[in-house]
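A.B. asks: In the numbering used here, the protein residues as written are 96 to 704. We treat Cβ as the ideally placed atom computed from N, Cα and C, and that holds for glycine.
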Amino acid sequence: MNQPAVSPVITLQRSRLTLPSQVAYDLVRVPPGSGAGHRPSLLGSGRFAKVFAAQQTIVGRESRSVAIKVLHDHADRRAELLFSQEVALNREFASGPLQGVAPILDVIHLGPLVMCGCGTLYHPRCPRGCGLPLQRFDPPTREFPSLRCSRCEYELSAEFVHQRGHELHGPRAKPCCTNDDDACASVGTIVNFVLREAMVMESLEVSLGDYAAYREKQRGAPLNAGERALHYFGLLPPRSRQRMIEQKVRLLEKVHLMVQIAEAVAWLHGEKKVVHKDLAPDNIMIRHAPCDQRNAAFADEPVTRQLDLAANLCTEICVIDFGLSDKETLTRSWYEDADTSMATTKLPYLSPEARHRRQAIGCQLDFDAPQSRFRVPDSLEQSAASIHEQDLIADPHDYLHERDIVIVKIDGQPGHRYATYNGMQPHTHGRHLEIVRPLGEAHDVYALGAIFYYILTGRHDQVDALSHLVGSLQDQPCRLDRVSLSRRDNYGNRCKSIREPFWRDELMLVILRAMVRGRPESFVRDRTVRGPRPAQRFLTELKRIQHGLIAEVFAERGHLRAAYLRCAVAATMIGALLGGACKLSRSQDAPVPAPVNPAAESVTVNPGR
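Listed below in structure tokens is the structure:
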């Protein structure tokens, strides 16, 4: 049958067909509170950006829940640069297969946007009554963008949005609730301050910290000393063995989570050559709910069936927030560049070079400009204040970082060492110069060890206590093995803080090998090590423990089934014995018939014979 001819829409191979978008995003509104009116649902807020909940609609039909990430209202141009780098990285990730990274769904250009207390979204107009919509203005001499009216030159800088932000939701600035008598005439929430890029991501509302708290509530009673002794001699009762298997399955789930995190970081370091620089529990999200929630219909199944469901390990992790990340070349981007302070939940996961990232030199540097080098002062050769290749020498008063110099090589003998650098030497040789230590793959590997300990203990303060043990092992080195570590103070307490009393020494060794540098057993020689090898070694050791735990769980499950079978057989045998004893007892207790006297018996004679 002849097909009708169809005129081609695209005639050239590289032609682009542009269609009007029919994708929209509806911000989720929180119902009015105590006189505050409607406001957008805020999923989270960090140092640079905030995340709103939204509903994606395609051709007018609801599609899925999403999260929209936008910069804070008070963000400056340096924060915008970091955000643009994050957008570029996420776009690169989305161009191929992902490994434990939350996918980006869209990038949109979001203009000034305010939500009125009545729930209406609007582009703010000039608060002076000009009626013109405010537009972005970038003053050449200031670091903060502004909103400006082209008619009356009204201007509101992001630097002062905290003090004057209410001007954008007054009755003159909005198209709705324009009367002063309206209840929502002066109520509103700034969603986005000036024209900027915004990222649309998959909505993941459960962080690693939330998940750890949820699992902690489900934790059963651990085995006591007597039960552990019975287990050692193979005499543990079936119910106690059942509790032990549940604890091992829970430990296996924790190790499985950490394996996924390590796989994602090894993929970032290896295939993508990206250093995250901000790994912490609040930047690791859980994609799926636990299996025992998703399979509630099996709650009445036998224990072994529930253990099988739990062993499926349905949870998946996603690493988020690449605002500080570097690709290949390390940069100086870090929190202090945004003039913010560290949160208490971040500090335990910071490596030594991150905690002491900036250090005043405190002495004169004699630069040899023709040879681009200087002599390293004796004070900078000490272990606590050492200087390494890739470090920066910076002037803290050079806000644009135009004269940062990078150390490319250090050579010579102790006491006569010289550092060769690239870049324009600072204007001054004075004491106010400082060392800025870049954060590389070694920083991420340190954070991996700290995150693993958090997963095992469920508490940030325990991770902070672990950092003190790591510091003492760094200052007074010893072999990273069970015998040597058992002689160190606080090691036993750190082991006991792990919830499940299995594989504690093996788990602690993997954690310490990630966090302690420079030992033969360490994954990292020093903070300047580059490449994916340390993260891959960490992952290999984790998988070894994971495989051992899986083997133990299935072996214990077999023992449990055999124990239940033995109990059933024993119960049957005991029942049979008791049944036989009862029959014998009843036969003995029955009345005995009277003896028969043969002489007294009457004899019947048949007369027919």
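Does the structure place the stretch 415-429 close enough to the stretch 346-361 that three or more beta carbon pairs sit under 8 angstroms?
C.D. replies: no
A.B. asks: Thinking just about the alpha-carbon of each residue, which of T623, V471, L604 is nearest to the one in E616?
C.D. replies: Position 521 of the sequence shown, counted from the first residue, corresponds to residue 616. E616 has its Cα closest to that of L604, out of T623, V471, L604.
A.B. asks: Taking only three categories from DSSP, how would you classify Q230?
C.D. replies: Position 135 of the sequence shown, counted from the start, is the residue given in the question as residue 230. Strand at Q230.
A.B. asks: Output the distance between the C-alpha atoms of G214 and I412, rounded to the nearest integer angstrom.
C.D. replies: Taking the first residue of the sequence shown as position 1, residue 214 is located at position 119. Taking the first residue of the sequence shown as position 1, residue 412 is located at position 317. Their Cα atoms are separated by approximately 34 angstroms.
A.B. asks: With 16 other CB atoms within 10 Å as the buried threshold, where does V196 fall?
C.D. replies: Translated into the one-based positions of the sequence shown, residue 196 becomes position 101. With 16 or more Cβ atoms within 10 Å of its Cβ, V196 is classed as buried.
A.B. asks: Ordered along the chain, which non-local residues of its own chain (more than five positions away) have a Cβ less than 8 angstroms from that of F469?
C.D. replies: Reading the sequence shown from its first residue, position 374 is the one you call residue 469. So the list reads L460, D461, F462, D463, Y513, A514, Y516, once near-sequence residues are dropped.
A.B. asks: Tell me, please, which residues DSSP counts as bridged to M380.
C.D. replies: Reading the sequence shown from its first residue, position 285 is the one you call residue 380. Beta-bridge pairing links M380 to S302, C413.
A.B. asks: Looking only at DSSP bridge pairs, what is S241 linked to?
C.D. replies: As a working note, residue 241 is residue 146 in the sequence shown. Answer is F232, S252, bridged to S241.
A.B. asks: Assuming A69 and L607 make a contact with CB atoms under 8 angstroms, what is their CB distance in whole Å?
C.D. replies: Because the chain is modelled from 96 through 704, residue 69 falls outside the range shown and cannot be assessed.
A.B. asks: Can you tell me which of the three DSSP states G507 falls into?
C.D. replies: For the purposes of this step, residue 507 is identified with residue 412 of the sequence shown, where counting begins at 1. It is a strand residue.
A.B. asks: Suppose the cutoff is 7 angstroms on Cβ atoms and the five residues either side in sequence are ignored; what does the same chain contact list for P443 look like?
C.D. replies: Taking the sequence shown and counting its residues from 1, the one referred to as residue 443 is at position 348. Cβ within range, chain order: A545, H555, V558, D559, S562.
A.B. asks: Please report the Cβ distance between P207 and H218, rounded to the nearest whole angstrom; I am assuming they are in contact, meaning their Cβ atoms lie under 8 angstroms.
C.D. replies: Numbered from 1 along the sequence shown, position 112 holds the residue referred to as residue 207. Numbered from 1 along the sequence shown, position 123 holds the residue referred to as residue 218. Indeed they touch by this definition, with Cβ atoms about 6 angstroms apart.
A.B. asks: Report the CB separation of S446 from A537 in whole angstroms; it is logged as a contact under 8 angstroms.
C.D. replies: Residue 446 sits at position 351 when you count from the first residue of the sequence shown. Residue 537 sits at position 442 when you count from the first residue of the sequence shown. Between A537 and S446 the Cβ distance is about 7 angstroms, and since that is below 8 angstroms, they are a contact.
A.B. asks: So the alpha helix (DSSP H) R186 belongs to, where does it begin and stop?
C.D. replies: The count along the sequence shown starts at 1 and reaches residue 186 at position 91. Here the alpha helix (DSSP H) through R186 covers 172-189.
A.B. asks: Out of G518, P509, G507, which has the shortest C-alpha to C-alpha gap to D499?
C.D. replies: Taking the first residue of the sequence shown as 1, we reach residue 499 at position 404. Comparing Cα-Cα distances from D499 to each of G518, P509, G507, the minimum goes to G518.
A.B. asks: I'd like to confirm something about R612: is its beta-carbon nearer than 6 angstroms to some heavy atom of the ligand SAH, or not?
C.D. replies: No copy of the ligand SAH occurs in the structure displayed, which carries no ligand at all.
A.B. asks: Do you know how far the Cα of E181 is from the Cα of M380?
C.D. replies: Start at 1 with the first residue of the sequence shown, and residue 380 comes out as number 285. Start at 1 with the first residue of the sequence shown, and residue 181 comes out as number 86. If you take the alpha carbons of M380 and E181, they lie about 17 angstroms apart.
A.B. asks: Go to C120, then tell me how far its beta strand (DSSP E) extends in each direction, as first and last residue.
C.D. replies: Here residue 120 corresponds to residue number 25 of the sequence shown, with the count starting at 1. For the sequence presented, residue 120 should be read as Tyr rather than Cys. That run of the beta strand (DSSP E) goes 118-122.
A.B. asks: Where E366 and V414 are concerned, what is the direct C-alpha to C-alpha distance, given to the nearest angstrom?
C.D. replies: In the sequence shown, the residue the question calls residue 366 occupies position 271. In the sequence shown, the residue the question calls residue 414 occupies position 319. Approximately 16 angstroms between the Cα atoms of the pair.
A.B. asks: For Y494, count neighbouring C-beta atoms within 10 Å of its own C-beta (all shown protein chains included) and say buried if the count is 16 or more, exposed if not.
C.D. replies: Reading the sequence shown from its first residue, position 399 is the one you call residue 494. Its Cβ having fewer than 16 others within 10 Å, Y494 is exposed.
A.B. asks: Would you mind working out which of E238, G212, F618, V624 sits nearest F633, comparing C-alpha positions?
C.D. replies: Sequence index remark: in the sequence shown, residue 633 carries index 538 (1-based). For F633, the nearest C-alpha among the options comes from F618.
A.B. asks: By a C-beta neighbour count over all protein chains shown, 10 Å radius and 16 as the cutoff for buried, is A183 buried or exposed?
C.D. replies: Position 88 of the sequence shown, counting from 1, holds the residue named residue 183. Counting Cβ neighbours within 10 Å, A183 comes out exposed, since fewer than 16 surround it.
A.B. asks: Let me confirm a value: V165 is counted as buried when at least 16 other C-beta atoms fall within 10 Å, else exposed. Which label applies?
C.D. replies: Residue 165 sits at position 70 when you count from the first residue of the sequence shown. Classification for V165: buried.
A.B. asks: Using the rule of at least 16 other Cβ atoms within 10 Å of the residue's Cβ for burial, across every protein chain shown, is L251 buried or exposed?
C.D. replies: Residue mapping note: residue 251 aligns to position 156 of the sequence shown, counting from 1. Buried, since its Cβ has 16 or more Cβ neighbours within 10 Å.
A.B. asks: Can you list, in chain order, the residues of its chain whose CB lies under 6 angstroms from that of V74, leaving out five sequence neighbours each side?
C.D. replies: Only positions 96 to 704 of the chain appear in the structure, and residue 74 is not among them; the question remains open.
A.B. asks: What residue from L543, E297, E595 has the CA that sits closest to S158's CA?
C.D. replies: Here residue 158 refers to the residue found at position 63 when the sequence shown is read from its first residue. Among L543, E297, E595, the Cα nearest to that of S158 is on E297.
A.B. asks: Please report the residue range of the beta strand (DSSP E) in which V196 lies.
C.D. replies: In the sequence shown, counting from the first residue as 1, residue 196 sits at position 101. Segment: none, V196 is in no beta strand (DSSP E) and carries neither H nor E.
A.B. asks: Within the continuous alpha helix (DSSP H) that includes F547, where are the two ends?
C.D. replies: If you number the sequence shown from 1, residue 547 lands on position 452. Counting along the chain, the alpha helix (DSSP H) containing F547 begins and ends at 536-552.
A.B. asks: By the 10 Å Cβ neighbour count, where 16 or more other Cβ atoms means buried, how is A391 classified, buried or exposed?
C.D. replies: Within the sequence shown, the letter at position 296 stands for residue 391. Low local confidence applies: a pLDDT of 41 at A391 is under 50, so the model's placement there is unreliable, with the coordinate-based value given in what follows. Under this definition A391 is an exposed residue.
A.B. asks: Consult DSSP for M294 and reduce its assignment to one of helix, strand or coil.
C.D. replies: Your numbering for residue 294 matches position 199 in the sequence shown. Here M294 sits in strand by DSSP.
A.B. asks: What residue range does the alpha helix (DSSP H) around R159 cover?
C.D. replies: Walking along the sequence shown from the start, residue 159 turns up at place 64. It is not in any alpha helix (DSSP H) - R159 instead sits in the beta strand (DSSP E) that spans 156-166.
A.B. asks: Alpha carbon to alpha carbon, what distance is there between P572 and H522?
C.D. replies: Reading the sequence shown from its first residue, position 427 is the one you call residue 522. Reading the sequence shown from its first residue, position 477 is the one you call residue 572. Those two C-alpha atoms are separated by around 41 angstroms.
A.B. asks: Output the distance between the C-alpha atoms of K269 and A174, rounded to the nearest integer angstrom.
C.D. replies: Taking the sequence shown and counting its residues from 1, the one referred to as residue 269 is at position 174. Taking the sequence shown and counting its residues from 1, the one referred to as residue 174 is at position 79. Approximately 28 angstroms between the Cα atoms of the pair.
A.B. asks: Buried or exposed: where does S592 fall if 16 or more other Cβ atoms within 10 Å of its Cβ makes it buried?
C.D. replies: Stepping through the sequence shown from its first residue, residue 592 is reached at position 497. So S592 counts as buried.
A.B. asks: Examine chain D for any beta-carbon lying closer than 7 angstroms to the beta-carbon of P228, and answer yes or no.
C.D. replies: Absent from the structure: chain D. Only one protein chain is present.
A.B. asks: Quick check on S241: buried or exposed, where buried means 16 or more other Cβ atoms within 10 Å of its Cβ?
C.D. replies: Working through the sequence shown from its first residue, we reach residue 241 at position 146. Burial call: buried.
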